[in-house]
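Q: A single structure is presented below for examination.
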Amino acid sequence: MATDFAFPDSAAKAAGAEQEFAPEKMSLSMGPSHPATHGVLRLQMELDGEVLTKCDPVVGYLHRGDEKIAENMTYNQFVPYTDRLDYLAPLANNMAYAIAVERLAKLEVPARCQAIRVLTAEMARVSAHLMGLGAFGLDVGAWSVLVHSLNQREHLYKLFEELTGARFTTSYTRIGGVSRDIPDGWLTRVIAFCDQFEPALEETLSLLTRNKIFQDRTVGVGIISRADALAYGLTGPNLRASGVSLDLRKDKPYSGYEQYAFDVPVGSKGDCYDRYLCRGEEMRQSVRIIRQVVAAFPGGDWYAKDARKIFAPPKDKILTSMEELIQNFMIVTEGPQIPAGEVYFEAENPKGVLGFFIVSKGGGVPWRMKIRSPSFCNLSILPKICVGTMMSDVVTLLGSLDFVMGECDR
Amino acid sequence: MSASVDAITSLKGKFPSVTDRLSSDCPAVSVPTGELISALKSLRDEHAFDLLSDVTAIDWAEGASPRFTAVYHLYSTTSHAAIRVATPCTGDDAAPTVPSVVPLWPGANWHEREAYDMFGITFEGHPDLRRILMWDGYPYHPLRKEFPLAGIETVLPDSEVAQETKAKVIPAPMMGGPFVASAGEMNLTDAEPRAKDESWSERSAKPGA
Chain A
240 MATDFAFPDS AAKAAGAEQE FAPEKMSLSM GPSHPATHGV LRLQMELDGE VLTKCDPVVG
300 YLHRGDEKIA ENMTYNQFVP YTDRLDYLAP LANNMAYAIA VERLAKLEVP ARCQAIRVLT
360 AEMARVSAHL MGLGAFGLDV GAWSVLVHSL NQREHLYKLF EELTGARFTT SYTRIGGVSR
420 DIPDGWLTRV IAFCDQFEPA LEETLSLLTR NKIFQDRTVG VGIISRADAL AYGLTGPNLR
480 ASGVSLDLRK DKPYSGYEQY AFDVPVGSKG DCYDRYLCRG EEMRQSVRII RQVVAAFPGG
540 DWYAKDARKI FAPPKDKILT SMEELIQNFM IVTEGPQIPA GEVYFEAENP KGVLGFFIVS
600 KGGGVPWRMK IRSPSFCNLS ILPKICVGTM MSDVVTLLGS LDFVMGECDR
Chain B
1167 MSASVDAITS LKGKFPSVTD RLSSDCPAVS VPTGELISAL KSLRDEHAFD LLSDVTAIDW
1227 AEGASPRFTA VYHLYSTTSH AAIRVATPCT GDDAAPTVPS VVPLWPGANW HEREAYDMFG
1287 ITFEGHPDLR RILMWDGYPY HPLRKEFPLA GIETVLPDSE VAQETKAKVI PAPMMGGPFV
1347 ASAGEMNLTD AEPRAKDESW SERSAKPGA
C-alpha cells in the first residue's frame, strides 16, 4: 500500500509564501550604544532578509565642537584636545598638531626633538594597531587576540607614563618642542620592550593569519576597490589595503622620517583580510623604525631654543632671570606668537591622514582650525560598500575599518 | 612640489581669473565661484590630483567681503604634490552658496554636509544636504563667528521622547562658560580673558535664552 505524500504541494506553498514576504523590508537601527560600533556610531540600515539594501551612518554623538574651542584658546592650550581626537594614539595626534603650527611659524625643531616625536608616534601606532587588531578579533569571535594585545599595550602605557606622566591623555608636545626630555634609561626600556614585543606580535598574529574561521569571515568580505577608496578619500591602512601605496611618511616626509628605512605594506584585494594584514605588517615596520631611531638617537636640544616667542624657557630660568620670566609670562597669557597665514599639514596617523588646516591672523589664537580626521572620511564610504553585504558581515567590516568616534565627531 | 606649480601655471592659462593665494605650505590659488567645478575637474583629470583630502570653509566674520570662503585640499597619489583651492561663497550671509563637488569626488559628500552644518553654506547640486554632526532641526550654525562659544540653549533632540516617556532630559551645565573652572566673584570675561565671548556672563542674560 503506497502512501501518497503531498511534497510538491507544500513546496509550492512555501515558494508562494516566500513571494508574499519578499517585498517587505525591515529597518534596523544599530547603535549608538552597541559593542560592534566601537563607540557611538549609529547605523540606520534597511534589510531584505539578511542582506542590506541601504545603510545610513549617523555620526555626531560625540561632537564636542573642538574646532570652535580651538578658535578661542591659545595654541598650546589646544594640545590636550588633540589627545581626545584619536584617543588610542594621542602621541601621534600631538605631533601632527605641533608640526602644523610650527609649519605656520616656519619653525624648525632640533633633531633630538624630531627623533623623540618619531619614536613616540611609532609607539603610538603600535599601541593603536594592537587595539584595532584586538577589537577586530573580538568582533569576529576571537577573544584571545584582545587579551594578548591588551597585555602588550600595558607595556607601552608604562613607557608612556614614564615619559609624559599620563597613560592615555599624554599632551606631550608643545609648539616648538615637547613638554620634557626623555628620562634616563628610557631608551633602554624601549628596546627591551621591542625585544619581547617582536616574538609576542608574531604569536598574536599567528592566532589570526592562518585561522580558518577568521579567514572565512574576512577573505573576500567588504571589498573596497582602488577607485572607490580614492574617490571617497580613504587614507591609512584602509587605502593601502586597496592597493594604493600612499604613506605620507615616505611620500612627504616630515619630522625626519626620510632618515629611516621601512616598507609600506600594500594590499591586493582590498577586503577585510587585506586590511588586517596591512596593520599587522605596519606594526613590524614601526618596531623597525623605533630600533633605528634609538640606535641613532641625536643629542643636543630637545626644543627650539631660538623661538623665544613660542616655546617657554626652562623652569629654573623663569624663577631666576627677569627676561625669561617675562618671556614665559607672555607665552602663557598671550600664547605663542604665530605669524598670519594659512597652513594645511597632514600626518600619517595610525587611522590614516590626520590634517590640520589653520588660518591665523597673527597672535596666539588661531582664526580658524579645521581638523581633517581620517575616521570621518573612512566612514563616509559605508553607504556605498554596505549595500549587498550580509548583516553579520557589517560587524566584520566595521572592525576592519578601525575607526575612532572621538576623531570622527570631534 | 613642482607638479603643483606646473598645474597652477596651466590652470592660469586656462582660467585667466585664477589668482595666487598666500600660503605657508603648498601652492594655493583663488578661483571664482563660477569656474570652481571646471578648475577642479581640470586639476583632477589633467594633473592627476586624484585625492580630495578635505573640504572646509572659513568664516571671515560679519561685515567681511566675502564673508565665507570654501577651501579644497587636493593631493596627487602619483606626483605626491598638494594644492589648495579656495573660492568665495556667493549669496548673502544667511544663505551663502557654492557649487557642490560631489559629482567629481563622492567623498566630498560628508565634508560638504559638515560645512553646511557648521556654517550654513548651501552646496548647490549636493544629493543629500542634511546636518551631520548636529541633529536634524538644530537651529544654528555653530562655527559662525557670531555664535557664542558657550552655545545657545535650544530644544534638545529627544524632547518629544522625554514627553512621551516622562524621562528627565537635562542639558550639560553651561554655568560660567566652557572650560572655566570657577569664576568666583569675578565676571566671566575678567576671569578668563581667552573666552572671548563677551556677549553674556553670569550677570547678563544669554542671547536667545
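Line by line, the protein sequences give chains A and B. Position one of the first sequence corresponds to residue 240 (this note's numbering), numbered consecutively onward. Position one of the second sequence corresponds to residue 1167 (this note's numbering), numbered consecutively onward. We put the beta carbon where it would ideally sit given N, CA and C, even for glycine.
1) Do the region 477 to 487 of chain A and the region 514 to 524 of chain A touch if we need at least three Cβ pairs shorter than 8 Å?
2) State yes or no: is the C-beta of G472 (chain A) within less than 8 Å of the C-beta of S1219 (chain B)?
3) Is the separation between the beta-carbon of I1287 (chain B) and that of A1236 (chain B) shorter than 8 Å?
4) Using only CA atoms, which one of A:P553, A:Y314, A:L637, A:E341 lies nearest to W606 (chain A)?
5) Going by CA-CA distance only, name the one from A:S639, A:T412, A:V633 that's closest to V290 (chain A).
6) Using a Cβ cut-off of 8 Å, pull out every chain B residue sitting near V483 (chain A), in sequence order please.
7) Exposed or buried, what is R1250 (chain B) when buried is set at 16 or more other beta-carbons lying within 10 Å of its beta-carbon?
8) Please decide whether D641 (chain A) counts as near chain B, where near means a Cβ-Cβ distance under 8 Å.
9) Measuring only between beta-carbons, confirm whether D1220 (chain B) sits less than 8 Å from chain A.
10) Go through its chain and collect everything with a Cβ distance to K609 (chain A)'s Cβ below 7 Å, but skip five positions before and after it.
11) Which value, in whole angstroms, describes the spacing of the CA atoms of F642 (chain A) and S612 (chain A)?
12) Quick one: is R1210 (chain B) near chain C, going by C-beta distance under 8 Å?
13) Look at T1244 (chain B) and A1214 (chain B) and say whether their C-beta atoms are less than 8 Å apart.
14) Name the residue from A:G304, A:V505, A:S484 whose alpha carbon lies nearest to the alpha carbon of A1316 (chain B).
15) Out of A:K600, A:E400, A:L395, A:S639, state which residue places its alpha-carbon closest to the alpha-carbon of V458 (chain A).
16) Let me see if you follow: with CB-CB separation under 8 Å, is E347 (chain A) close to chain B or not?
17) Give, in chain order, every residue of the region 302 to 335 of chain A whose Cβ lies closer than 9 Å to some Cβ of chain B.
18) Do you know how far the Cα of Q524 (chain A) is from the Cα of V429 (chain A)?
19) Among residues of its own chain, excluding the 5 on either side of M370 (chain A), which ones have a beta-carbon nearer than 7 Å to its beta-carbon?
20) I'd like to know whether the C-beta of C1255 (chain B) is nearer than 8 Å to at least one C-beta of chain A.
21) What residue from A:A309, A:Y320, A:A275, A:N332 has the CA that sits closest to K590 (chain A)'s CA?
22) Do A344 (chain A) and P578 (chain A) have their CB atoms nearer than 8 Å?
23) May I ask you to list, following chain order, the residues of the region 1185 to 1217 of chain B that have a beta carbon less than 8 Å from some beta carbon of chain A?
24) What residue from A:I624, A:V598, A:G270, A:Y542 has the CA that sits closest to I421 (chain A)'s CA?
25) Closer than 6 Å by C-beta to R281 (chain A): which residues in its own chain qualify, once you throw out the five before and the five after it? Chain order, please.
26) According to DSSP, simplified to helix, strand and coil, what is Q283 (chain A)?
27) If you run the structure through DSSP and keep just helix, strand and coil, what is T448 (chain A)?
28) In this structure, does DSSP put I1249 (chain B) in helix, strand or coil?
29) Should S383 (chain A) be listed as close to the ligand PLP, given that the test is whether its C-beta is under 7 Å from any heavy atom?
30) Kindly confirm or deny that the region 1270 to 1281 of chain B and the region 615 to 629 of chain A touch, where touching means at least three C-beta pairs closer than 8 Å.
31) Would you kindly check if the distance between the Cβ of V340 (chain A) and the Cβ of S494 (chain A) is under 8 Å?
32) Under 7 Å between beta-carbons, which chain B residues line up against A470 (chain A)? List them in chain order, please.
33) Three or more C-beta pairs under 8 Å: does that hold for the region 530 to 538 of chain A against the region 564 to 573 of chain A?
34) What does the Cβ neighbour count give for T635 (chain A), buried or exposed, with the cut at 16 atoms within 10 Å?
35) Relative to the C-alpha of V604 (chain A), which residue among A:A360, A:C294, A:V318 is closest?
36) Please classify C679 (chain A): does DSSP put it in a helix, a strand, or coil?
A: According to the data block:
1) Taking a cut-off of 8 Å on C-beta distances, the region 477 to 487 of chain A touches the region 514 to 524 of chain A, as three or more cross pairs fall below it.
2) The residue you call residue 472 (chain A) lines up with position 233 of the first sequence. The residue you call residue 1219 (chain B) lines up with position 53 of the second sequence. Inclusion of G472 (chain A) and S1219 (chain B) in the CB contact set at 8 Å is warranted, their separation being smaller than that value.
3) On the second sequence, position 121 is the one that residue 1287 (chain B) refers to. On the second sequence, position 70 is the one that residue 1236 (chain B) refers to. Cβ distance < 8 Å, so I1287 (chain B) and A1236 (chain B) count as in contact.
4) Translated into positions along the first sequence, residue 606 (chain A) becomes position 367. With distances taken between Cα atoms, W606 (chain A) lies closest to A:Y314.
5) One-based indexing of the first sequence puts residue 290 (chain A) at position 51. For V290 (chain A), the nearest C-alpha among the options comes from A:V633.
6) Against the first sequence, residue 483 (chain A) aligns to sequence position 244. Simply T1243.
7) Within the second sequence, residue 1250 (chain B) is the residue found at index 84, counting from 1. R1250 (chain B) is buried by the Cβ-count criterion.
8) On the first sequence, residue 641 (chain A) is found 402 positions in, with the first residue counted as 1. It does not; no Cβ of chain B falls within 8 Å.
9) Looking up residue 1220 (chain B) in the second sequence gives position 54. Using a CB distance cut-off of 8 Å, D1220 (chain B) counts as an interface residue toward chain A.
10) On the first sequence, position 370 is the one that residue 609 (chain A) refers to. E306, F596.
11) For the purposes of this step, residue 642 (chain A) is taken as the residue at position 403 of the first sequence. For the purposes of this step, residue 612 (chain A) is taken as the residue at position 373 of the first sequence. Within the model, the alpha-carbon separation for F642 (chain A) versus S612 (chain A) is close to 10 Å.
12) The displayed structure is made up of protein chains A and B, and chain C is not among them.
13) For the purposes of this step, residue 1244 (chain B) is identified with residue 78 of the second sequence, where counting begins at 1. For the purposes of this step, residue 1214 (chain B) is identified with residue 48 of the second sequence, where counting begins at 1. Yes, these two residues count as a Cβ contact at 8 Å.
14) On the second sequence, position 150 is the one that residue 1316 (chain B) refers to. Distance check between A1316 (chain B) and each of A:G304, A:V505, A:S484 places A:G304 closest, using alpha-carbon atoms only.
15) One-based indexing of the first sequence puts residue 458 (chain A) at position 219. If we check each option's Cα against that of V458 (chain A), A:S639 comes out closest.
16) Numbered from 1 along the first sequence, position 108 holds the residue referred to as residue 347 (chain A). Judged by the 8 Å Cβ criterion, E347 (chain A) is not in contact with chain B.
17) For the region 302 to 335 of chain A, the beta-carbon criterion of a distance under 9 Å to any beta-carbon of chain B is satisfied by H302, G304, E306, K307, I308, E310, N311, M312, T313, Q316.
18) The residue labelled residue 429 (chain A) in the question sits at position 190 within the first sequence. The residue labelled residue 524 (chain A) in the question sits at position 285 within the first sequence. Separation of V429 (chain A) and Q524 (chain A) (C-alpha to C-alpha, rounded to the nearest whole angstrom) is 15 Å.
19) In the first sequence, the residue the question calls residue 370 (chain A) occupies position 131. Once the five neighbours on either side are set aside, the close Cβ partners of M370 (chain A) are L327, S388, R392.
20) Along the second sequence, read from residue 1 onward, the residue named residue 1255 (chain B) stands at position 89. Taking 8 Å as the CB threshold, C1255 (chain B) stays off the interface with chain A.
21) Taking the first residue of the first sequence as 1, we reach residue 590 (chain A) at position 351. Relative to the Cα of K590 (chain A), the nearest Cα in the group A:A309, A:Y320, A:A275, A:N332 belongs to A:N332.
22) Taking the first residue of the first sequence as 1, we reach residue 344 (chain A) at position 105. Taking the first residue of the first sequence as 1, we reach residue 578 (chain A) at position 339. Pairing A344 (chain A) with P578 (chain A) gives a Cβ-Cβ distance under 8 Å.
23) Those residues of the region 1185 to 1217 of chain B that come within reach of chain A (Cβ to Cβ, closer than 8 Å) are R1187, L1188, S1189, S1190, D1191, C1192, A1194, D1216, L1217.
24) Locating residue 421 (chain A) in the first sequence gives position 182, where the first residue counts as 1. Comparing Cα-Cα distances from I421 (chain A) to each of A:I624, A:V598, A:G270, A:Y542, the minimum goes to A:Y542.
25) Within the first sequence, numbered from 1, the residue matching residue 281 (chain A) stands at position 42. Answer for R281 (chain A): G270, P271, V297, listed in chain order.
26) The residue given as residue 283 (chain A) occupies position 44 in the first sequence. Collapsing the DSSP output to three states places Q283 (chain A) in a strand.
27) Walking along the first sequence from the start, residue 448 (chain A) turns up at place 209. In the displayed model, T448 (chain A) falls within coil according to three-state DSSP, outside both helix and strand.
28) To locate residue 1249 (chain B), count along the second sequence from 1; it is residue 83. Strand at I1249 (chain B).
29) Ligands are entirely absent from the displayed structure, and the ligand PLP is therefore not among its contents.
30) Touching, per the Cβ criterion.
31) Translated into the one-based positions of the first sequence, residue 494 (chain A) becomes position 255. Translated into the one-based positions of the first sequence, residue 340 (chain A) becomes position 101. No; because the gap between Cβ atoms is not below 8 Å, this pair is not in contact.
32) Start at 1 with the first residue of the first sequence, and residue 470 (chain A) comes out as number 231. Result: W1271, P1272, G1273.
33) Because the criterion of three Cβ pairs below 8 Å is not met, the region 530 to 538 of chain A and the region 564 to 573 of chain A do not touch.
34) To locate residue 635 (chain A), count along the first sequence from 1; it is residue 396. Per the 10 Å Cβ criterion, buried.
35) Reading the first sequence from its first residue, position 365 is the one you call residue 604 (chain A). Comparing Cα-Cα distances from V604 (chain A) to each of A:A360, A:C294, A:V318, the minimum goes to A:V318.
36) This structure cannot settle anything about residue 679 (chain A), because the visible part of chain A is limited to 240 through 649.
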